[in-house]
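Asker:
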Amino acid sequence: MFNEGFPPSEIVAPEPDGKPSQVSLSDGPEPLQLLLQFSHNTEQPDLRSKSIHSVMAFSIVAEKYGNMLAIQACRMAMEDLGRRSPSDALVVVNYKVHNRNYDGIDEFARRSMVLPLKDAVAKTREYPNVYAIWTQYREEWQGSFRCYSAAVQNMPTIHNGDHLRPRKHDDDSVIKVLKAELEAEAVPTIESVRRTLDRALRVNGLVSTEGRQGLITAQRIIEEIIMEFPVWTQFSA
């Protein structure tokens, strides 16, 4: 074994009859089975094939016994699993708060924002501090996302004297697709907005000069809104 959580076999006192000592472990069978697999120099299981709750339970056991290989595997698996559903995203928030690791927590907090309150209560029952912050975050997020959606629906526009007016009819089909893609973003980011808008701007002749300018203006407005999205650490400080 290569694991700080277990002492070397040579320092474990044998039983009076000379047989190796038996140690009882109180952790559940599945986490312990995984721990043993990660404690030997063999091919490791893919934790992404497990449920997120199984990985969460295993991560606690891995930390308890100091198995760094298992801890790292849990971190990677939790983030992959957390992108599969809003409910699992909130489990990742619990996990990150439990470990005081706030790196990337906003992605998962935002993915969980569509959960009904009763589901959020159930998922955070053992983490009341998470629920307290989550409800504050949710209130801020709802206002921010309304601003984001409004900016997407109003694109593209350009300044024409003292008025804003929509682009040419030739751009309508392009704009319709762009709006649908941007609205479909579960967690809008500056990077995702740029990818979507740049794709249209790179295609020659797809959008008129006027339409291109409108898209550039819309991109700036949308990015400014995203930069004002709530941040988890502003509530947990």
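Note that the UniProt record's numbering has the sequence shown beginning at 1, numbered continuously upward. Just so you know, even glycine gets a beta-carbon here, dropped at the ideal spot from N, CA and C.
By the 10 Å Cβ neighbour count, where 16 or more other Cβ atoms means buried, how is Pro116 classified, buried or exposed?
Answerer: Pro116 is exposed by the Cβ-count criterion.
Asker: What do you get for Gln219, buried or exposed, if any count of 16 or more other CB atoms within 10 angstroms of its CB means buried?
Answerer: Gln219 comes out buried.
Asker: With Leu36 and Tyr65 assumed to form a contact (beta carbons below 8 Å), what rounded beta-carbon distance in angstroms separates them?
Answerer: With a Cβ gap of about 10 Å, Leu36 and Tyr65 do not count as contacting.
Asker: Tell me the rounded alpha-carbon separation between Pro188 and Glu79.
Answerer: Going by the C-alpha atoms only, they are around 17 Å apart.
Asker: Tell me the residue span of the alpha helix (DSSP H) that contains Ala122.
Answerer: From DSSP, the alpha helix (DSSP H) with Ala122 extends over Leu117 to Lys123.
Asker: Quick check: Pro31 and Ile60, are their CB atoms within less than 9 Å of each other?
Answerer: Yes, these two residues count as a Cβ contact at 9 Å.
Asker: Of the choices Val174, Ala180 and Glu140, whose alpha-carbon is the least far from that of Gln234?
Answerer: Checking every option, the nearest Cα to that of Gln234 belongs to Glu140.
Asker: Output needed for Leu47: all residues of its chain with C-beta closer than 7 Å, excluding positions within five of it in sequence on either side, in chain order.
Answerer: If we look at Leu47 and ignore the five residues flanking it on each side, its Cβ neighbours are Val55, Ala73, Cys74 and Ala77.
Asker: For Gly143, count neighbouring Cβ atoms within 10 angstroms of its own Cβ and tell me buried if that reaches 16, exposed if not.
Answerer: Flag for Gly143 reads exposed.
Asker: Here's the rule I'm using: 16 or more other beta-carbon atoms within 10 Å means buried, otherwise exposed. How should Asp88 be labelled?
Answerer: Buried is the call here.
Asker: Rounding to the nearest angstrom, what Cα-Cα distance links Arg138 and Asn41 in this structure?
Answerer: Whole-angstrom Cα-Cα distance: 44 Å.
Asker: Going by alpha carbons, who is nearest to Phe145 out of Ile222, Trp232, Thr124 and Phe108?
Answerer: The shortest C-alpha separation from Phe145 is found at Ile222.
Asker: Given a threshold of 16 other Cβ atoms within 10 Å of its Cβ, counted over all protein chains shown, does His53 qualify as buried or as exposed?
Answerer: His53 should be labelled exposed.
Asker: Give the DSSP-derived three-state secondary structure of Pro128 in the structure shown.
Answerer: Helix at Pro128.
Asker: DSSP on Gln37, reduced to helix/strand/coil?
Answerer: It is helical.
Asker: Throw me the rounded Cβ distance for the Asn90 and Thr124 pair, which I believe falls under 8 Å.
Answerer: The question names Asn, yet the displayed sequence has Leu at residue 90. Sure, about 7 Å apart at Cβ, within 8 Å.
Asker: Run the CB neighbour count on Ala122, radius 10 Å, all protein chains shown included, and call it buried at 16 or more, exposed below.
Answerer: Burial call: exposed.
Asker: Quick one: is Met227 buried, meaning 16 or more other Cβ sit within 10 Å of its Cβ, or exposed?
Answerer: It is exposed - the Cβ of Met227 has fewer than 16 other Cβ atoms within 10 Å.
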